[in-house]
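With positions in the sequence shown counted from 1, the corresponding number in the working numbering is that position plus 550.
Here is the structure we will look at, set down as structure tokens.
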Amino acid sequence: MPLLAPVIRAARQRSQQLQASLGVAQLAAWRSMLAPRWLPLPAVGGMNGANGSHGAVERRVDLAVDGTSHTVQLQNGAHFVLAVAAAHGPDYCCREQADMEILPARYDDGQASSARDLLMRALEAQVATLAATAVSERGEAGRATLWVDGSLYADLSHMAGAPEKVQWGGATERAGHLLRTTASLLSHAEQSGLWILGIGKTQRAGFLFDALTSTPMPAPPASADVEVDGGHPADGELLATMPTGWSWPIVLDGRRFPITSALARDTLASAPAIISTYIRPHAADLPLRLDVPASAVGFDDRLMPDSADAARSWPAWVPDPEVVAPVVRAALAAYGGMSVYNAPLYAVDRLVRLPRRELELRYLPVCERVAGLRPGSLGINRGRRRFLVS
């Protein structure tokens, strides 16, 4: 591991610089800014439902969706992409999907990485839709929770900024298909009462900081001094100052997307807005971001509001955070510690893991046989690896 020591040194140096630039006073200012919007964790137990349009119900059916993917460069310079995704839960709703693509050599690494991510997310949306349909057909949608790894809002934001037509290899248009599948899944969940909850250990977003600094306060803490290295702090830096608890939820819609294509604006027009909050279930663990469609807790906010008059003004704090408390309880009930921050997602993650070595030694030879290619046709270009090792 020749690169590990320099990385560790750089991280330690950065930590010292951060502490020196912030100081105790700055950390205290951040803590005091967030404290009025920081809530104690609700007790876990009792009914695990929402007091929304679908009534308070007990959520006893858990299913989770996750995917993984790899890209390898072949001997001829082309990129081989393999992605898998699965929905894991009760037997009747378990689904698995896999897909592959070979990108011609004219595509660079960045484009290949984008193709890989889009292929994986398309499979995740597909298996999620199949699982949600199976749950609905069993009459269990109103008692079920579909867990998704990561932020619902961040995924929608990335989709909205994608080009209207993204084609690779066999001229397959995937970006629009992903948007339509996602919009259909959100609509199905809203109509059936299924909960879709996104949860993950990432706090790089800044919506909480933006909402706090936009909220009028009698005596705001030194807002002019909250920048770090010329930029605003990420939410994770604010949350690091707080004990166990959860943040006051915020309604996020498409007005905060960096870029919105015409395709996304039309496709996601009827989708619900997303409510986001952070949860710190244990003092020694990182906070978790939890996203839920606004419709799941009885709000009618849309992702693409028709006009400013029809949208919630910023900062869009949820008037009463108690309506989101059942969702927080569900996340706490599924929490298994620092290694298993969500039990259903941990189970499906173990199912879809795809080691690089297994891809090279098992999957590529299978693809060669199925495609009728001679052995070694899908050989890996190892020149880059030799260069890095040397």
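Virtual Cβ for every residue (Gly too), placed ideally from N, Cα, C.
Classification of residue i by the beta-carbon crowding that lies within 10 angstroms, buried from 16 upward
i, result
"L911", "exposed"
"S845", "buried"
"V939", "For V939, the predicted structure reports a pLDDT of 43, less than 50, and the residue's modelled location is therefore unreliable. The matter cannot be settled from this model."
"L853", "buried"
"R609", "buried"
"S797", "buried"
"A662", "buried"
"I829", "buried"
Distance, residue j Cα to residue i Cα
i, j, result
"G689", "P905", "37 Å"
"A861", "F849", "12 Å"
"Q885", "D612", "The amino acid occupying residue 885 in the given sequence is Tyr; Gln does not appear at that position. Taking the straight line joining both Cα atoms gives about 13 Å."
"P586", "S889", "30 Å"
"L813", "G627", "33 Å"
"A614", "A739", "14 Å"
"L728", "S811", "14 Å"
"L788", "Y642", "42 Å"
"P592", "Q625", "56 Å"
"D705", "V920", "34 Å"
"A769", "A672", "In this prediction, A769 has a pLDDT of 45, which is less than 50 and means its spatial position is unreliable; what the coordinates show is noted afterwards. A769 and A672: Cα-Cα distance of roughly 47 Å."
"T695", "M670", "21 Å"
"D659", "D667", "12 Å"
"H629", "G922", "19 Å"
For residue i, the nearest candidate out of the options (CA to CA)
i, options, result
"W864", "F759, V890, A684", "F759"
"T683", "T791, S734, A593, D785", "S734"
"A633", "L853, A883, Q676, G711", "Q676"
"D856", "A784, G804, P783, M583", "G804"
"L941", "L747, C644, R581, P766", "No statement about residue 941 is possible, as the shown extent of the chain runs from 551 to 940 and does not include it."
"Q741", "G726, S686, A725, L624", "S686"
"T794", "R693, L882, S619", "L882"
"L838", "P640, T817, P799", "P799"
"L653", "G756, V631, T679", "V631"
Beta-carbon proximity check, residue i vs residue j, cutoff 7 Å
i, j, result
"V878", "V847", "no"
"G824", "D835", "Going by the sequence as given, residue 824 is Ile instead of Gly. No, the pair does not count as a contact, with Cβ atoms beyond the cut-off."
"V902", "D616", "yes"
"A636", "V898", "yes"
"S826", "L802", "yes"
"P843", "L736", "yes"
For residue i: DSSP bridge partner residues
i, result
"R852", "P822"
"G748", "V698, D841"
"G795", "R830"
"T618", "V634"
"L728", "The partner list for L728 (beta bridge, DSSP) is empty, contrary to what the question assumes."
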